[in-house]
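Data block below; observations after.
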Amino acid sequence: ESRGEMKDEL
Amino acid sequence: MNVFRLAGDLTHLLSLVVLLLKIVATKSCRGVSAKTQELYAIVFVTRYLDLLFSFVSLYNSVMKVVFLGSAFSIVYFMRYHKVVRHTYDRELDTFRSSFLVAGSMVLALLINSKYTFFEVLWTFSIYLEAVAILPQLVMLQRTGNIDNLTGNYVFLLGMYRGLYILNWIYRYSTERRYWQMIVWVSGIIQTALYADFFYYYLKCWNENRTLVIP
Numbered sequence: 400e401s402r403g404e405m406k407d408e409l
Numbered sequence: 119m120n121v122f123r124l125a126g127d128l129t130h131l132l133s134l135v136v137l138l139l140k141i142v143a144t145k146s147c148r149g150v151s152a153k154t155q156e157l158y159a160i161v162f163v164t165r166y167l168d169l170l171f172s173f174v175s176l177y178n179s180v181m182k183v184v185f186l187g188s189a190f191s192i193v194y195f196m197r198y199h200k201v202v203r204h205t206y207d208r209e210l211d212t213f214r215s216s217f218l219v220a221g222s223m224v225l226a227l228l229i230n231s232k233y234t235f236f237e238v239l240w241t242f243s244i245y246l247e248a249v250a251i252l253p254q255l256v257m258l259q260r261t262g263n264i265d266n267l268t269g270n271y272v273f274l275l276g277m278y279r280g281l282y283i284l285n286w287i288y289r290y291s292t293e294r295r296y297w298q299m300i301v302w303v304s305g306i307i308q309t310a311l312y313a314d315f316f317y318y319y320l321k322c323w324n325e326n327r328t329l330v331i332p
């Protein structure tokens with residue numbers, strides 16, 4: 400499983 | 119959610135409370151850059167457009183609404199409040215912030231992870247946030263004696279950025295899928311911009327005298 404961008408920060 | 123992220127968000131929140139408190143309690147925005155505050159309003163609007171179509175957590179949504187509301191309240195006070203607007207030091211706040219907006223937009227169009235409308239705007243908000251403090255830092259240099267609340271506001275903003283870097287290190291080492299190069303590079307540049315300010319802030323604090331940025 401590769402690392403992916405996540406938009407869970409503010 | 120880890121302790122660094124939570125501390126970072128709360129520090130960010132506290133910085134906005136300190137700034138609003140200064141403006142409301144002293145009926146003055148002396149030393150505060152309206153340009154920086156307007157840039158933050160643009161940053162929040164373009165980043166939190168996802169309030170309309172994606173949900174992460176109640177915490178995230180509430181914080182986004184609070185940040186948007188506080189940014190617009192501050193701009194309202196500085197530009198339109200019948201007493202406060204007269205205390206704004208227009209002649210000290212001369213940074214050409216439109217260049218920051220244009221530069222961030224060009225960069226977001228060139229470097230982004232997906233070429234879509236919302237993704238480009240989100241990337242733009244990341245780049246713009248990195249440099250949005252510049253008009254404020256330049257203004258502090260010109261202001262001379264900086265009052266405690268304004269100094270503490272900028273100090274808390276810098277702390278928030280530093281805590282976010284610790285949050286990224288923590289997440290990178292504990293989460294298998296976590297990766298956000300655009301955010302990391304911009305965030306490190308943003309934090310580095312505070313280095314000079316931190317140096318003088320701590321020096322003056324240590325020597326127990328009023329903050330002056332030479």
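So the sequences go chain by chain: A and B.
Here this note's numbering runs 399 ahead of the position in the first sequence, where the first position is 1.
Here this note's numbering runs 118 ahead of the position in the second sequence, where the first position is 1.
All C-beta atoms, glycine included, are put in the ideal place defined by N, C-alpha and C.
Residues bridged to residue i [DSSP beta-bridge criterion]
i, result
"B:L329", "B:I264"
Close Cβ partners of residue i (< 7 Å) along its chain, the five nearest in sequence each way excluded
i, result
"B:G126", "Y278, L281, Y282 and N285"
"B:K145", "V201 and V202"
"B:L225", "Y245"
"B:V301", "I244"
"B:N374", "Only positions 119 to 332 of chain B appear in this structure, which leaves residue 374 of chain B out of reach."
Cβ-heavy atom distance, residue i to the ligand ADP, below 7 Å
i, result
"B:A189", "With respect to the ligand ADP, the structure offers nothing, as it holds no ligand at all."
Chain-order list of residues whose beta-carbon lies under 8 Å from that of residue i (same chain, five-residue window excluded)
i, result
"B:V193", "A152, Q155, E156 and A159"
"B:M196", "I141, C147, V150, A152, Q155, V202, R203 and Y206"
"B:L267", "V136, L137, L139, K140 and T144"
"A:E404", "none"
"B:D168", "F236 and W240"
Spatial distance of residue i from residue j (CA atoms)
i, j, result
"B:V163", "B:G262", "32 Å"
"B:R260", "B:S172", "42 Å"
"B:E237", "B:R327", "46 Å"
"B:A310", "B:L170", "33 Å"
"B:L227", "B:E325", "46 Å"
"B:H130", "B:L274", "7 Å"
"B:Y233", "B:S222", "15 Å"
"B:F316", "B:N270", "11 Å"
"A:K406", "B:Y288", "16 Å"
"B:T292", "B:A250", "31 Å"
"B:F190", "B:Y198", "11 Å"
Residues near residue i by beta carbon distance below 6 Å, same chain, minus five either side
i, result
"B:A248", "S304, I307 and Q308"
"B:R123", "N285"
"B:M257", "S151, L210 and D211"
"B:I331", "L258, Q259 and Y318"
Query raised in the report: Listed from N- to C-terminal order along the chain, which residues in the region 266 to 291 of chain B have their beta-carbon within a distance smaller than 7 Å of any beta-carbon of chain A?
Result: none
Query raised in the report: Any residues in the region 298 to 318 of chain B with a beta carbon nearer than 9 Å to a beta carbon of chain A? Which ones, in chain order?
Result: Q298, M299, I300 and V301
Query raised in the report: Relative to chain A, which residues along the region 228 to 242 of chain B have a C-beta separation below 8 Å, given in chain order?
Result: S231 and W240
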